[in-house]
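Chemist:
Numbering (our numbering), first residue to last: 42 to 433.
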């Protein structure tokens with residue numbers, strides 16, 4: 042415990058140094074990097090997954106009086122340790138690893154002081170074994186479905202549209218393989234990603250003790266092909282999994298298969314950026330699909346979504362960005378498995394950003410338009426925010 046406390050203290054002291062390299066011994070280096078994030082915001086409606094930096098969609102019931110409230114948020118703040126074992130001449134493999142955390146791990150208690158004490162949350166923890174253009178990754182990492190990420194200063198750990206408007210994918214412990222399929226001299230790089238990782242579902246057993254329907258099914262599997270040019274990239278990925286919805290110590294009864302396909306693209310040249318992705322699938326709530334809804338029956342829940350963002354940076358300083366994302370859940374499927382389902386969501390975001398070398402500031406307006414319930418009720422919500430980011 043004493044050694045652990047000392048390590049944590051050392052990490053935060055070192056965080057004041059920009060991307061500091063530490064040599065612990067031999068040829069291995071440890072690089073400390075990350076950023077400090079700040080947002081002050083106003084909202085006229087409560088959001089899920091929370092208010093502030095993790096707001097994704099307007100959450101019923103509707104605020105009808107005294108609607109506007111405000112707050113300050115720093116939970117996006119992130120700390121990353123990158124371990125790099127340099128390869129010796131006689132070695133054919135080199136090794137490395139990443140450990141990363143932010144502060145979306147809840148709060149210390151519920152007292153009047155709790156909001157000022159956000160707790161750390163593990164994001165990534167993996168090791169790499171690298172040989173030429175082939176990489177084996179073991180640990181908790183982003184799955185291949187997690188692709189392009191919208192630019193935002195307020196929505197970083199919970200990106201725009203994540204689990205709400207066409208942005209899917211998550212991080213799981215597992216085995217990840219990355220293989221370059223052509224030479225480094227090629228104009229267009231082609232890379233194949235394959236992942237076999239932990240199954241997951243919401244029950245029927247413990248969600249934190251490997252007893253869910255996903256754990257009693259098969260591991261999740263994804264295969265992705267990336268095509269990467271100088272100013273552009275395209276990827277296509279497929280997902281498959283199986284859930285056994287019988288609880289622990291009960292004969293298998295109901296199986297639920299998850300399937301999805303995703304296509305993503307990005308074009309970035311000079312100050313101009315356009316990017317986005319499209320997905321379609323069924324039963325992938327554990328990957329933030331279907332507006333993050335997970336059913337407890339063997340009935341299918343089909344969904345489709347996508348998002349795009351366009352932006353331009355003038356003189357490497359002032360950037361303007363516009364985002365639109367949408368997600369639709371099959372109405373018949375949703376009303377069959379939920380009492381008050383989310384069936385459609387549209388999300389809009391506009392940002393004015395000013396870059397200051399290692400820092401940036403920005404103003405954003407986000408608008409959520411949610412259709413929910415068996416009779417297609419509508420709920421709208423707005424968030425106006427000012428954010429600052431400092432990278433180290």
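Glycine included, each C-beta is placed from N, C-alpha and C at the ideal position.
Computed from a predicted structure; not experimentally measured.
Residue range of the beta strand (DSSP E) that residue 309 falls in?
Modeler: Residue 309 -> beta strand (DSSP E) spans 296-310.
Chemist: How is residue 377 classed by DSSP in three states: helix, strand or coil?
Modeler: The answer is helix: DSSP assigns residue 377 an H, G or I state.
Chemist: My output table needs one value for residue 328: the three-state DSSP class, helix, strand or coil.
Modeler: It is helical.
Chemist: Just mark residue 119 as buried or exposed, buried being the case when its beta carbon has 16 or more other beta carbons within 10 Å.
Modeler: Burial call: buried.
Chemist: Within this structure, are the beta carbons of residue 140 and residue 182 separated by less than 7 Å?
Modeler: No.
Chemist: Would you kindly work out how many angstroms separate the C-alpha atoms of residue 319 and residue 71, rounded to a whole number?
Modeler: Straight-line Cα distance between these residues: approximately 37 Å.
Chemist: To test your reading of the DSSP string, which unbroken beta strand (DSSP E) runs of 3 or more residues are found completely within the region 163-240?
Modeler: Within the region 163-240, the complete beta strand (DSSP E) runs of at least 3 residues are 175-183, 212-221 and 230-238.
Chemist: Report, in whole angstroms, the separation of the C-beta atoms of residue 192 and residue 362, which I expect to be a contact under 8 Å.
Modeler: Right, their Cβ atoms sit about 5 Å apart.
Chemist: Using 7 Å as the threshold, is the C-beta distance between residue 345 and residue 204 below it?
Modeler: In this structure, residue 204 does not lie closer than 7 Å to residue 345 by Cβ.
Chemist: Quick check on the DSSP output: the beta strand (DSSP E) that includes residue 364 runs from which residue to which?
Modeler: Run containing residue 364: 359-370, per the beta strand (DSSP E) assignment.
Chemist: I'd like to confirm the pairing. Which residues does DSSP put opposite residue 252 in its beta bridges?
Modeler: According to DSSP, residue 252 bridges with nothing at all.
Chemist: Is it the case that the Cβ atoms of residue 78 and residue 117 are separated by a distance below 7 Å?
Modeler: Their beta carbons are under 7 Å apart, which means residue 78 touches residue 117 by this criterion.
Chemist: Is it right to say residue 384 is buried, meaning 16 or more other beta carbons lie within 10 angstroms of its own, or is it exposed?
Modeler: Under this definition residue 384 is a buried residue.
Chemist: Comparing C-alpha positions only, which one of 381, 201 and 413 sits nearest to residue 93?
Modeler: Taking only the C-alpha atoms, the option nearest residue 93 is 201.
Chemist: Using the Cα positions of residue 75 and residue 161, report the straight-line distance between them to the nearest angstrom.
Modeler: Their backbone Cα atoms lie some 14 Å apart in a straight line.
Chemist: Determine the direct distance from the alpha carbon of residue 84 to that of residue 104, and round the result to whole angstroms.
Modeler: Looking at the two C-alpha atoms, the distance is approximately 10 Å.
Chemist: Which two residues bound the contiguous beta strand (DSSP E) that contains residue 336?
Modeler: Segment: none, residue 336 is in no beta strand (DSSP E) and carries neither H nor E.
Chemist: Looking at the structure shown, is residue 156 part of a helix, part of a strand, or coil, going by DSSP?
Modeler: The answer is helix: DSSP assigns residue 156 an H, G or I state.
Chemist: Opposite residue 418 in the DSSP bridges: which residues?
Modeler: Per DSSP, 413.
Chemist: Taking the Cβ atom as the reference point for each residue, do residue 98 and residue 409 lie within a distance shorter than 7 Å?
Modeler: The answer is yes: Cβ separation under 7 Å.
Chemist: Measure the C-alpha to C-alpha separation of residue 414 and residue 184 and round it to an integer number of angstroms.
Modeler: Answer to the nearest angstrom: the Cα atoms are 31 Å apart.
Chemist: Go ahead and pull the three-state DSSP assignment for residue 400.
Modeler: Of the three classes helix, strand and coil, the one that applies to residue 400 here is strand, per DSSP.
Chemist: In chain order, what are the residue ranges of uninterrupted beta strand (DSSP E) at least 3 long that sit wholly in the region 91-122?
Modeler: Complete beta strand (DSSP E) runs here, min 3: 110-114.
Chemist: Can you check which of these residues, 348, 432 and 248, is closest to residue 35 by C-alpha distance?
Modeler: No answer is possible for residue 35: the residues shown for the chain start at 42 and end at 433.
Chemist: Give the DSSP-derived three-state secondary structure of residue 86 in the structure shown.
Modeler: Correct three-state label for residue 86: coil.
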